[in-house]
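*Asks:* Structure provided below as structure tokens; questions to follow.
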Ligand SMILES: [Zn+2]
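In our numbering, the protein residues as written are 1378 to 1490.
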């Protein structure tokens, strides 16, 4: 009967991610990272996988590195703000209007207006 399978599937999906269960079947190792604010992060990786050079600190968002004495420097600006500043710098409102006017002018010329 199909109903039995549906119920079993729901039970498996509803539970939390079985970290301990999977940790037993696939051996994992923990690697320590330290951020500039002194937070230690210990993500776990598969034994046969290379750990990345940097890891984002979940507490403050700074990059964390393998060397406790020399953690990577925190980014000076938030990336989002920097990106917005870039856009505003490169294309001001007046520039945008000039580009639009130019495009309209060419369109009208092509139509022979
Ligand atoms: Zn941190």
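Note that the Cβ used here is the ideal one computed from N, Cα and C, for glycine as well.
None of the values given here were measured: they were computed from a predicted structure.
When you compare the CB positions of residue 1435 and residue 1413, do they come within less than 8 Å of one another, or not?
*Replies:* Against the chain shown, residue 1435 aligns to sequence position 58. Against the chain shown, residue 1413 aligns to sequence position 36. No, they are not a contact pair.
*Asks:* Does the distance from the CB of residue 1432 to the CB of residue 1420 come in under 8 Å?
*Replies:* Indexing the chain shown from 1 puts residue 1432 at position 55. Indexing the chain shown from 1 puts residue 1420 at position 43. The answer is yes: Cβ separation under 8 Å.
*Asks:* For residue 1421, which three-state DSSP category applies?
*Replies:* Indexing the chain shown from 1 puts residue 1421 at position 44. If DSSP states are grouped into helix, strand and coil, residue 1421 belongs with the strands.
*Asks:* Give a single yes or no on whether residue 1436 has its beta carbon closer than 7 Å to a heavy atom of ligand 1.
*Replies:* Working through the chain shown from its first residue, we reach residue 1436 at position 59. Yes, since a heavy atom of ligand 1 falls inside the 7 Å radius drawn around the Cβ of residue 1436.
*Asks:* Just how far apart, CA to CA, sit residue 1481 and residue 1453?
*Replies:* Within the chain shown, numbered from 1, the residue matching residue 1481 stands at position 104. Within the chain shown, numbered from 1, the residue matching residue 1453 stands at position 76. Computed Cα separation, rounded: 41 Å.
*Asks:* So is residue 1437 buried or exposed if we call it buried at 16+ other beta carbons inside 10 Å?
*Replies:* Taking the chain shown and counting its residues from 1, the one referred to as residue 1437 is at position 60. Result: exposed.
*Asks:* In chain order, what residues of the same chain have a beta carbon less than 7 Å from the beta carbon of residue 1422, not counting five sequence neighbours either side?
*Replies:* The count along the chain shown starts at 1 and reaches residue 1422 at position 45. These residues qualify, in order along the chain: 1405, 1406, 1408, 1428.
*Asks:* Tell me the residue span of the beta strand (DSSP E) that contains residue 1453.
*Replies:* Reading the chain shown from its first residue, position 76 is the one you call residue 1453. Element bounds for residue 1453: n/a, residue is neither H nor E.
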